[in-house]
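Reading the sequence shown from the start, the letters are residues 6 to 217 in this note's numbering. Glycine included, C-beta positions come from ideal geometry on N, C-alpha and C. Predicted, not measured: the structure shown is a model, and the values here were computed from it. Structure first, commentary second.
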Amino acid sequence: MEEEVKRDEPRSGSLLQRIVANIFEKAGFSVSMNSGKFGFKADIIATKSSPEMTVIITCKGHSRLPLNIEGLIHEWDSKRKYANAQAALVVVEGVNLKSYFDYAKRVGVGLWDDNIIYGLITGQGKFDDFMRAFIQFDTASAMGGMARPKKGNLAVKILKRILIAAIIYTISLLAALAVYYVMNLQLLIMWLISCVLFIILIVLKGYFLPEI
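Written out as structure tokens, the structure is:
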């Protein structure tokens with residue numbers, strides 16, 4: 006980065022914008038600053054063609070005026086939807102954002118603080134770290150983390166668990182038949198009941214706890 010930046014040095018909004026824009030450029034984005042492309046002013050608009058992604062960004066530097074962080078998060082989530090952009094990012098310096106990260110994650114807006122910015126501009130953050138800092142939660146897609154989860158994900162997870170349960174049931178049934186020839190019928194019935202209960206448990210786990 007061309008500018009030499011000290012961690013505790015207050016930065017104006019314009020300098021902060023250049024720093025954030027530089028980070029996105031290094032990550033392969035094209036950036037435009039102070040753009041009114043979508044009918045409202047965005048400090049930065051970062052775009053990438055592969056995969057296709059548009060990120061609208063607002064930067065708030067050190068200020069004596071209090072900031073409504075939750076209000077900013079909601080404002081830029083609404084602007085993201087209005088602009089049909091894939092992601093929105095709120096960058097704030099000089100404010101302790103620890104209590105807001107989970108909230109931003111639930112809303113679906115990226116949130117950066119001083120620590121994230123400092124790690125990226127000093128080279129401490131590699132590309133994977135950059136992605137985690139940006140999207141705030143894990144994703145299989147390199148740049149799709151800010152998008153809402155696909156509706157089919159839960160159904161796929163449940164179907165996978167049903168398939169696993171069916172395989173386990175088949176193996177258990179074969180084992181039970183083998184037991185039947187050497188032991189009594191009562192044990193066979195108990196075995197089959199336990200297998201069915203196990204399958205029900207797996208399916209319920211996939212429905213109520215899909216993330217596990």
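Nearest-angstrom Cα separation, counted from residue j out to residue i
i	j	result
aspartate 118	phenylalanine 43	25 Å
threonine 175	isoleucine 169	10 Å
isoleucine 204	alanine 171	8 Å
tyrosine 105	glutamine 22	21 Å
arginine 85	glycine 76	14 Å
valine 100	valine 201	54 Å
phenylalanine 45	alanine 90	13 Å
methionine 195	leucine 179	14 Å
lysine 31	isoleucine 126	10 Å
tryptophan 124	serine 19	The identity of residue 124 in the sequence shown is glycine, whereas the question assumes tryptophan. The alpha-carbon atoms of glycine 124 and serine 19 are separated by roughly 20 Å.
alanine 88	asparagine 120	29 Å
serine 199	isoleucine 173	12 Å
lysine 156	threonine 63	Interpretation of lysine 156 is limited by its pLDDT of 42, a score under 50 that renders its predicted location unreliable; no figure is taken from the coordinates.
Where the alpha helix (DSSP H) through residue i begins and ends
i	result
lysine 84	74 to 88
valine 96	That residue, valine 96, is in no alpha helix (DSSP H); its beta strand (DSSP E) goes 92 to 97.
asparagine 120	119 to 126
lysine 110	106 to 112
Test item: CB-CB of residue i and residue j under 8 Å
i	j	result
isoleucine 49	methionine 38	yes
valine 97	tryptophan 81	no
alanine 47	serine 54	no
alanine 93	isoleucine 61	yes
isoleucine 24	isoleucine 163	no
Cβ neighbours of residue i in the same chain (closer than 6 Å, five flanking residues each side left out)
i	result
alanine 109	Ile78, Leu116
serine 35	Thr52
Residue i: first and last residue of the uninterrupted beta strand (DSSP E) it sits in
i	result
aspartate 48	47 to 54
asparagine 101	Careful: asparagine 101 lies outside any beta strand (DSSP E) and carries neither H nor E.
lysine 65	57 to 65
Cβ neighbours of residue i in the same chain (closer than 7 Å, five flanking residues each side left out)
i	result
leucine 102	Ile74, Leu116, Asp118
glutamine 141	With a pLDDT of 45 at glutamine 141, under the threshold of 50, the modelled position of this residue cannot be trusted; read the value that follows with caution. Counting only Cβ-Cβ distances below 7 Å, and skipping sequence neighbours, we find Phe106, Ala109, Lys110, Gly115, Leu116.
glycine 33	Lys53
Any chain D beta carbon closer than 8 Å to residue i
i	result
glycine 33	Chain labels in this structure do not include chain D; a single protein chain is all it has.
Close-in-space but distant-in-sequence residues of the same chain around residue i (CB under 8 Å, 5 per side omitted)
i	result
valine 72	In the sequence as presented, valine is not what sits at residue 72; that position holds leucine. Correct list, in chain order: Lys65, Val97, Val100.
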